[in-house]
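J.:
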Amino acid sequence: MAIHAADVDMSDPVIIIATLCLFIGAIGKSAQIPLYTWLPDAMAGPTPVSALIHAATMVTAGIYLLVRAHFLFDLAPSVLNLVSYVGIATSIFAAIIALRQNDIKKVLAYSTVSQLGLMFVALGVGAYTTAMFHVTTHAFFKALLFLGAGSVIHALHGEQDIRNMGGLKNEIKSTYWIFLIGTLAICGIFPLSGMFSKDEILAVLFEKNKGLWALSLFSSLLTAVYMFRLLFLTFFGTYRGDEHTKSKIHESPMVMMAPLWVLAILSVFGGILNLPHLIGGESYGKMAHFLDPIFSHSKLTTEHMDAGLEIGLMALVVGLVVSIGFVLYNIYVKKESLPKPDMSLRGVEALVAKKFGVDELYDTVISKPVLGISRFFGQKVESAFDGISGFFFVTGFKSIGNSLRKIQNGNVEFYLIMMTGSIVALMILQFLVKI
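Just so you know, we're using the working numbering here: the sequence shown kicks off at 47 and counts up by one.
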């Protein structure tokens, strides 16, 4: 018998178990703690593939799963709280790791994990439309940043270490402007798309949970730190690579740049999809209206906050991000500070650069034991099984084959006798059957 979600009691054990299972699937699909390590590793592939993985359905499917199954999660407040806590932990943890990464694509990979965490925080407080809005704008500027990174790598003939870059804004100007737009968008600078979607998350959190708002704001500011660091070390200062590569630096061809400019335009104007109500969002086909059929029976509602308060929060976030930009410009451009060599890092810096040793921990606790068990079964158990099956089956069939082989002796007279005997035997058998 079918059971409708509307007929299920709030926090019913069955709903709790069902939503937990769905959330665990979303954790793996959308790279949340503890199942996030695959996403940074996946960026080792070709850059266009990285852009698709980080911007399209590969990682955002977990977000979409929770949105479409919202009618179940609305009935499980405890699971929604867990969604928020896992999201904020992932967002801050990944942002901290990104601070000490020097591979241009790896910084962006951990940035994706961090941004996905913010989306889960929004889902956890029931702001489903807000989460989908950030999914959409994030697709624009993260694809832009990855393809922009690909243009940089192309210009430097495969170099990905930002410590070997610098001064590229005068060498590959189009790529620089594209990367600048992507950086400002993900940092949340007005009036780019990232500001509107990230501000909406922070506004909802300020209304519903001040603690989550403060932690999410901290994560957003960390985003500004690692992205401005990436921008300044890559495009400003003087070139730090070898002279041979420097002599061959060139802008990417138009076939590569055209899609980037399309994404740059979307990164600038994508916020129009869900403008805040205080600047006329209701009259611009707000995304919430587009998703109304999905949430028509939702038990959770989000009220608009006071316009003055929302403007104040916007100004606070943008002001802090701009301040961080100026501080980092002073550090990495004016003072020309460079990341320390890996061997000289100590304490917390070394721990962050090693990504808190999570990969090594998983390798020790999970990968090596599983591989050991696999080798045991492959070398011992399978060999023993082969021996037993070989003795009982192979030897037996081989004996039968050897016996039957004697019948095929090449003697025509023997074949005629066997054929005649078989015909006589069949005739006798047919006669006996009739009797």
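Glycine included, every Cβ here is placed at the ideal spot set by N, Cα and C.
Because the structure is a prediction, the values reported are computed rather than measured.
#1: So, with DSSP's three-state summary, where would you put D352?
#2: Are the CB atoms of L268 and G228 within a distance shorter than 8 Å?
#3: Indicate whether M389 and G287 have their beta-carbon atoms separated by less than 8 Å.
#4: If distances are taken between C-alpha atoms only, which option among S197, E246, Q206 and H203 comes closest to I224?
#5: Rounded to whole angstroms, what is the Cα-Cα separation between M273 and L384?
#6: Please list, in chain order, all residues of the same chain as G331 whose beta carbon is under 7 Å from its beta carbon, the five residues on each side excluded.
#7: Mind reading off the beta-carbon distance from I138 to L248? Whole number of angstroms is fine, and I expect it under 8 Å.
#8: Would you mind working out which of A201, K215, I134 and I318 sits nearest M241, comparing C-alpha positions?
#9: Can you tell me which of L85, H184 and F278 puts its alpha carbon nearest to the alpha carbon of A310?
#10: For D120, write down the residues that DSSP places opposite it in a beta bridge.
#11: For L312, which option in M473, F186 and V181 has the closest C-alpha, if you only look at C-alpha atoms?
#12: Counting only runs that start and end within the region 146–173, where is the alpha helix (DSSP H) found for 4 or more residues in a row?
#13: What do you get for Q454, buried or exposed, if any count of 16 or more other CB atoms within 10 angstroms of its CB means buried?
#14: Can you tell me which of V368, K401, G204 and W259 puts its alpha carbon nearest to the alpha carbon of A155?
#15: Going by DSSP in three states, D207 sits in which element: helix, strand or coil?
#16: Quick check for students: name the residue ranges of the alpha helix (DSSP H) that lie wholly in the region 190–273, counting only runs of 4 or more.
#17: What separation, rounded to the nearest whole angstrom, lies between the Cα atoms of I218 and K426?
#18: Could you say if the region 63–79 and the region 127–147 meet the contact criterion of at least three C-beta pairs nearer than 8 Å?
#19: Out of V416, K292, T466 and L337, which one is the CA nearest neighbour of I199?
#20: Beta carbon of F278, beta carbon of Y174: below 8 Å?
#21: If you draw a straight line from the alpha carbon of C67 to that of P299, how long is it in whole angstroms?
#22: DSSP on M303, reduced to helix/strand/coil?
#23: Rounded to whole angstroms, how far is the Cβ of S124 from the Cβ of V167, which I believe are closer than 8 Å?
#24: Give the secondary structure of Q476 by DSSP, where H, G and I count as helix, E and B as strand, and everything else as coil.
#25: Can the beta-carbon of M89 be found closer than 8 Å to that of K188?
#26: Compute the Euclidean distance between the alpha carbons of M56 and R114, then round it to the nearest angstrom.
#27: In three-state terms, what does DSSP make of S130?
#28: Is DSSP giving L374 helix, strand or coil here?
#29: Could you pull out every residue in the same chain whose Cβ sits closer than 6 Å to the Cβ of G163, ignoring the five residues on either side in sequence?
#30: Below 8 Å on the Cβ atoms is my guess for V159 versus A140; work out the distance and round it to an integer in Å.
#31: Out of curiosity, what's the CA-to-CA distance linking F117 and L111?
#32: Please state whether the Cβ-Cβ distance between I109 and V171 is less than 8 Å.
#33: Assign R392 to one of three DSSP states: helix, strand, or coil.
#34: Quick check on DSSP: helix, strand or coil for K426?
#35: Kindly give me the distance between the Cβ atoms of G234 and V364, rounded to whole angstroms, as I take these residues to be in contact under 8 Å.
T.: In short, the structure shows the following:
#1: coil
#2: no
#3: no
#4: S197
#5: 15 Å
#6: Because G331 carries a pLDDT of 45, less than 50, the predicted location of this residue cannot be relied on, and the following value inherits that uncertainty. Closer than 7 Å at Cβ, skipping near neighbours: no residue.
#7: About 14 Å; that fails the 8 Å criterion.
#8: I318
#9: H184
#10: Partner(s): none; D120 has no beta bridge.
#11: F186
#12: 150–170
#13: exposed
#14: K401
#15: strand
#16: 219–233 and 239–254
#17: 58 Å
#18: yes
#19: K292
#20: no
#21: 47 Å
#22: helix
#23: Contact flag wrong, Cβ pair sits at about 16 Å.
#24: helix
#25: no
#26: 18 Å
#27: helix
#28: helix
#29: G133, T136 and S137
#30: 4 Å
#31: 11 Å
#32: no
#33: coil
#34: helix
#35: 7 Å
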